[in-house]
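Only one structure is covered here, and it is reproduced in the block below.
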């Protein structure tokens, strides 16, 4: 582990569902909880200096890229392909981190964040015709994915998306796929790593999302019941997070 804590800025692109938001106090708290588990038994503060930034409600919340070592873009209910002012600002911020600060500031993208990074690097992003992927889902690792994840052939990861990146950016290597989604993450060594899934989602968070989206009619009975049936399955969120940390700490 590094002797000086790595300065990681969590760019909060949404607010968690109500019970999760009350418990964790925003996505910053959700990721803080995940990262603390990933570095245990070491104290989190000895490994990471974390800051949270609500980039949706406060356009001035972005940290100076001179003052961070890495950024993490969270998931979101919003569409990464939309042209809302705050989404365009986020795309440009990520692009700057990856070009002007090439290799000095590393980037992690989670779900919506994965798609934002893909967009910033010129890959197409949009709504899939294959419908929703929800709850704990098996992803098939590529050769590069197997290299990063210790020789594993597959990962079980919480999912909550129907949008996706339809290509892999130039210079990036694909990490995983499913039948519904070709691009489940990519890496550019020393610069960026992304995943389409949600390593930060607990069983409770996923249950609340499934229930709320079923109640509003966004999820059919089939999607809801299938998601609930798999939600208690073991998943590899902490393993994935440890791989992120190794990526961020590598010289």
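In the numbering used here, the protein residues as written are 88 to 338. C-beta atoms are modelled at their ideal positions from N, C-alpha and C, and glycine is treated no differently. In this text, all values refer to a predicted model and were calculated from it rather than measured experimentally.
Apart from the five residues on each side of it in sequence, which residues of its chain come closer than 8 Å, Cβ to Cβ, to residue i?
i: residue 101; result: 114, 143, 161, 162, 163, 164, 165, 199
i: residue 306; result: 219, 221, 297, 300, 314
i: residue 189; result: 278
Whose C-alpha, out of the options, is nearest the C-alpha of residue i?
i: residue 183; options: 208, 168, 251; result: 208
i: residue 243; options: 215, 314, 324, 186; result: 324
i: residue 289; options: 301, 224, 245, 328; result: 245
i: residue 334; options: 129, 116, 159; result: 159
i: residue 251; options: 270, 262, 259, 258; result: 270
i: residue 168; options: 187, 221, 149, 215; result: 215
i: residue 211; options: 155, 256, 122, 174; result: 256
i: residue 179; options: 248, 312, 146; result: 146
i: residue 91; options: 103, 97, 156; result: 156
i: residue 185; options: 310, 228, 259, 103; result: 259
i: residue 151; options: 128, 125, 170, 96; result: 96
CA-CA distance, residue i and residue j?
i: residue 181; j: residue 336; result: 19 Å
i: residue 99; j: residue 172; result: 16 Å
i: residue 321; j: residue 110; result: 22 Å
i: residue 187; j: residue 153; result: 11 Å
i: residue 148; j: residue 138; result: 11 Å
i: residue 229; j: residue 217; result: 21 Å
Hey, quick one: how far does the beta strand (DSSP E) through residue i stretch, first residue to last?
i: residue 136; result: 135–141
i: residue 225; result: 220–228
i: residue 287; result: Element bounds for residue 287: n/a, residue is neither H nor E.
i: residue 251; result: 250–252
i: residue 196; result: 193–197
i: residue 94; result: 93–99
i: residue 157; result: 157–160
i: residue 255; result: Taken as a continuous stretch (DSSP letters only), residue 255 belongs to no beta strand (DSSP E), as it is neither H nor E.
i: residue 213; result: 212–214
i: residue 328; result: Per DSSP, residue 328 belongs to no beta strand (DSSP E); it is in the alpha helix (DSSP H), 324–336.
So the alpha helix (DSSP H) residue i belongs to, where does it begin and stop?
i: residue 308; result: 308–317
i: residue 107; result: 105–111
i: residue 185; result: 172–186
i: residue 118; result: 114–126
Would you call the CB atoms of residue i and residue j closer than 9 Å?
i: residue 191; j: residue 279; result: no
i: residue 340; j: residue 326; result: What is shown of the chain runs 88 to 338, which leaves residue 340 out entirely.
i: residue 106; j: residue 136; result: no
i: residue 276; j: residue 328; result: no
i: residue 317; j: residue 224; result: yes
Just checking residue i against the ligand PLP - is the residue's beta carbon closer than 8 Å to any of the ligand's heavy atoms?
i: residue 107; result: The model on display carries no ligand, and the ligand PLP is accordingly not part of it.
Enumerate in chain order the residues of its own chain whose CB-to-CB distance from residue i is below 6 Å, with the five nearest sequence positions on each side excluded.
i: residue 281; result: 196, 201, 204, 272, 273
Counting only the same chain and skipping the five closest in sequence on each side, list residues whose C-beta sits under 7 Å from that of residue i.
i: residue 330; result: 235, 236
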